[in-house]
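Take any residue in the first sequence, count from 1 to its spot, add 2: that is its number in our numbering. Glycine is no exception: its CB is placed at the ideal position from the N, C-alpha and C atoms. No experiment lies behind these values; they were computed from the predicted model shown.
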Amino acid sequence: MPTYFYNTLTRRKELFEPINAPTVRLYTCGPTVYNYAHIGNFRAYIFEDLLRRYLQFKGYRVIQVMNITDVDDKIIRTANQRGVGIDEFTAPYRQAFFEDLDALGIERAEYYPRATEHIAEMVGLIQILLEKKFAYRTDDGSIYFKVAAFPAYGQLTRLNIAEMRQGERVANDEYEKEELHDFALWKSWKAEDGPVFWETSIGRGRPGWHIECSAMSTKYLGNHFDIHTGGVDNIFPHHENEIAQSEAATGEKFVNYWLHCEHLLVNGEKMSKSLGNFIYPRQLIEQGYQPAAIRYALLTTHYRQKLNFTLEKLDASAKAVMRLRDFFNSVVGESESNENRLTEVVKSAAQAFEAALDDDLNISEALAAVFTCMHEINNFRKENGFTNTEAKAIRALWERFDSILNILKVPAPRLTPEEQALIELRSAARKAKNWVEADRIRQILTERGIILEDTPQGTIWKKR
RNA sequence: GGCGACGUACCCAAGUGGCUAAGGGAGCGGUCUGCAAAAUCGCUAUGCACCGGUUCAAAUCCGGUCGUCGCCUCCA
3 MPTYFYNTLT
13 RRKELFEPIN
23 APTVRLYTCG
33 PTVYNYAHIG
43 NFRAYIFEDL
53 LRRYLQFKGY
63 RVIQVMNITD
73 VDDKIIRTAN
83 QRGVGIDEFT
93 APYRQAFFED
103 LDALGIERAE
113 YYPRATEHIA
123 EMVGLIQILL
133 EKKFAYRTDD
143 GSIYFKVAAF
153 PAYGQLTRLN
163 IAEMRQGERV
173 ANDEYEKEEL
183 HDFALWKSWK
193 AEDGPVFWET
203 SIGRGRPGWH
213 IECSAMSTKY
223 LGNHFDIHTG
233 GVDNIFPHHE
243 NEIAQSEAAT
253 GEKFVNYWLH
263 CEHLLVNGEK
273 MSKSLGNFIY
283 PRQLIEQGYQ
293 PAAIRYALLT
303 THYRQKLNFT
313 LEKLDASAKA
323 VMRLRDFFNS
333 VVGESESNEN
343 RLTEVVKSAA
353 QAFEAALDDD
363 LNISEALAAV
373 FTCMHEINNF
383 RKENGFTNTE
393 AKAIRALWER
403 FDSILNILKV
413 PAPRLTPEEQ
423 ALIELRSAAR
433 KAKNWVEADR
443 IRQILTERGI
453 ILEDTPQGTI
463 WKKR
């Protein structure tokens with residue numbers, strides 16, 4: 003089945019065709035490591051994880067690059083204030099980033115290049131742009147990209163640069179440039195940068211922000227690759243500038259498909275410093291929320307739709323995850339028969355799931371297929387039970403769904419010996435029909451976030 | 001000012017011209033259970049912000065109104 007993605011470049015859904023099938027080359031804008039990444043950031047990374055997993059589901063071999071921006075104004079300023087080097091300053095955040103990726107079940111990319119380790123590549127690119135007259139040097143030694151020299155500028159954004167309001171230009175225009183929309187490729191060293199600079203053939207200084215993505219994407223994926231993603235706020239100026247730099251330097255088309263993820267709001271408002279409403283995944287996990295529930299909450303709203311994050315949504319997600327998981331665990335064959343009366347149900351569910359995701363990753367519709375299928379199978383089970391063959395087929399189907407959703411398998415939580423003992427005490431009380439004592443113990447455990455379920459096979463427990 | 005997105009049930013959220021408007025959560029009722037919990041079954045939008053228009057047919061297309069939000073130089 004053919005796959006369609008909405009391409010920001012054309013503002014249309016387009017048939018996806020890789021340059022060199024079955025390989026797909028994917029560049030995903032990554033974090034600036036001056037703090038922990040918040041759930042808004044992770045919404046984007048989970049969208050990219052969905053994209054990556056789905057491409058693999060379709061049989062493609064994905065080569066993904068995610069940059070780590072470990073030098074920028076904010077990092078330099080803060081590191082200097084604290085009197086530490088930028089490498090030392092960013093180290094804990096780099097580490098935390100990978101921990102969070104793992105916690106949320108995000109599959110690792112093939113490359114996580116750091117900006118500070120690719121200065122040479124950036125300098126090389128800037129030199130080409132200087133030679134080709136797409137860049138110029140100002141009196142202080144900084145280097146800017148000359149937007150006027152690249153007529154295609156504005157193709158992604160569809161902003162008419164000439165008509166954009168001039169009055170709003172940023173006051174702290176510390177560097178001298180010829181025209182408003184020219185942007186920095188290289189920032190020459192200034193006193194407040196302190197020890198942060200590189201001594202290079204184009205002078206002493208540091209790279210501008212946009213150039214790292216051009217340099218690193220090209221290095222790992224080639225001049226022309228398949229997909230580039232990021233948040234909608236990256237469209238302008240970041241991605242527009244990347245196109246300009248890359249295409250000016252190489253003379254080739256840069257990227258075929260641009261996919262952008264909408265913003266996440268918290269209780270209806272944008273996360274911002276002034277509102278102080280940042281939420282971090284690690285924070286939610288500490289509060290006892292299942293990482294899989296966080297993943298589900300961030301995954302299950304279509305990526306081009308604004309997502310309003312609330313604790314109610316997180317609770318609803320936790321329930322849905324639990325249901326899918328319990329169903330999977332409950333599917334057991336009851337007879338040796340090779341009969342499979344569910345062939346059609348399984349087949350049509352798999353098809354509906356794939357068809358939905360083929361349509362620009364319509365995850366809501368894909369999930370509807372999953373739940374509808376679960377419903378049908380439950381009704382079937384009530385009458386018939388499962389043969390071993392049927393159980394195997396259903397479990398395989400769920401595993402297939404989970405290669406995208408990735409919520410089924412979570413590390414088993416542990417009980418303390420004391421909690422374990424309480425459960426045994428309660429079982430004994432139940433056996434003795436001492437219901438008062440049994441209920442008392444259950445209440446204690448509930449308060450600790452441990453939920454008990456008495457089944458014919460004995461008591462099982464879960465963590466909230 | 002320019003560019004753009006959105007408004008579907010109590011909440012979340014698909015559907016963008018044609019069968020009874022998906023699915024999840026919540027609520028209510030049944031099964032199960034010592035009681036629960038979980039699971040499961042059933043029920044819950046004659047209507048898709050509002051007003052007009054096009055059409056045999058509109059949540060879906062067109063025009064307008066109201067409301068929410070985003071971007072317009074470094075925030076995913």
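Could you tell me how far apart the beta carbons of residue i and residue j are, in whole angstroms, since I believe they sit closer than 8 Å?
i	j	result
TYR305	LEU363	6 Å
PHE152	PRO239	Rounded, the Cβ-Cβ distance is 13 Å, inconsistent with contact.
GLY232	ALA46	7 Å
GLN157	LEU261	Not quite, the Cβ-Cβ distance comes to about 16 Å (not below 8 Å), so this is no contact.
ALA251	ILE130	5 Å
GLU367	VAL347	Not really, about 18 Å apart at Cβ, beyond 8 Å.
ILE48	LEU223	Rounded, the Cβ-Cβ distance is 22 Å, inconsistent with contact.
VAL412	ALA294	5 Å
TYR282	HIS40	5 Å
ILE121	TRP200	5 Å
GLY107	ASN408	4 Å
If you draw a straight line from the C-alpha of residue i to the C-alpha of residue j, how long is it?
i	j	result
ALA440	ILE78	59 Å
ALA111	THR391	36 Å
LYS134	VAL125	14 Å
ALA98	PRO209	25 Å
LEU454	THR448	8 Å
ILE452	GLU421	9 Å
THR220	GLN66	12 Å
GLY42	PRO33	11 Å
GLY169	ALA193	Residue confidence for GLY169 is low, a pLDDT of 39 falling below 50, so the modelled location carries little weight; the figure read from the coordinates is stated next. About 30 Å.
ILE128	LEU187	7 Å
GLU16	ARG402	26 Å
TYR62	PHE373	27 Å
PRO419	GLU426	11 Å
ASN22	ASN9	19 Å
GLU338	PHE18	44 Å
LYS384	ALA354	24 Å
ALA173	GLY143	Any reading at ALA173 is ruled out, since the residue's pLDDT is 37, under 50, leaving its predicted position unreliable.
PRO415	ALA93	29 Å
THR140	ILE296	48 Å
For residue i, collect the residues of the same chain with a Cβ closer than 8 Å to its Cβ; drop the 5 residues on either side in sequence, then sort them by chain order.
i	result
LEU267	MET273, LYS308, LEU309, ASN310, PHE311
VAL334	PHE388, ALA393
ARG284	TYR38, ALA98, GLU101, ASP102, ALA105
TYR259	PHE7, ASN9, LEU11, GLU16, PHE18, ASP228, ILE229, HIS230
ARG167	Note that ARG167 scores a pLDDT of 42, beneath 50, so its modelled location is shaky; the value from the coordinates is reported in the next line. Hits under 8 Å: none found.
SER319	ALA295, ILE296, TYR298, ALA299, THR302
ALA434	none
THR80	TYR36, PHE91
Assuming contact is defined by CB atoms lying nearer than 9 Å, are residue i and residue j in contact in what I supplied?
i	j	result
VAL234	TYR29	no
THR159	ILE237	yes
LEU286	LEU326	no
TYR38	THR5	no
ALA370	ALA358	yes
PHE136	GLN58	no
GLY196	ASN82	yes
TYR138	ILE145	yes
LEU424	ILE446	yes
ILE443	ARG428	yes
PHE382	ARG343	yes
ASP212	GLU244	In the sequence as displayed, the identity of residue 212 is His instead of Asp. In this structure, GLU244 lies closer than 9 Å to HIS212 by Cβ.
Looking only at its chain, what residues have a beta carbon closer than 6 Å to the beta carbon of residue i, apart from the 5 residues adjacent to it on each side?
i	result
ALA117	THR71, ASP72, VAL73, GLU214
PHE330	TRP400, LEU410
TYR114	MET68, ILE70
GLU242	LEU158, THR159
HIS226	GLU254, LYS255
Per DSSP, which one or two residues make a beta bridge with residue i?
i	result
TYR259	ILE229
GLU201	ARG206
TYR472	The structure shown does not extend to residue 472, since the chain is modelled only from 3 to 466, so the question has no answer here.
ASN310	LEU267
TYR138	TYR146
LYS411	DSSP output for LYS411 lists no bridge partner at all.
GLU16	PHE7
TYR113	VAL67
PHE185	PHE147
Which residues in the same chain as residue i place their Cβ atom closer than 7 Å to its Cβ, once the five residues preceding and following it in sequence are excluded?
i	result
GLU109	ASP51, ARG54, ARG55
CYS375	VAL347, ALA351
ASP361	TYR6
MET3	GLU356, ALA357, ASP360
VAL64	VAL26, LEU28, ARG54, LEU57, GLN58
GLY460	none
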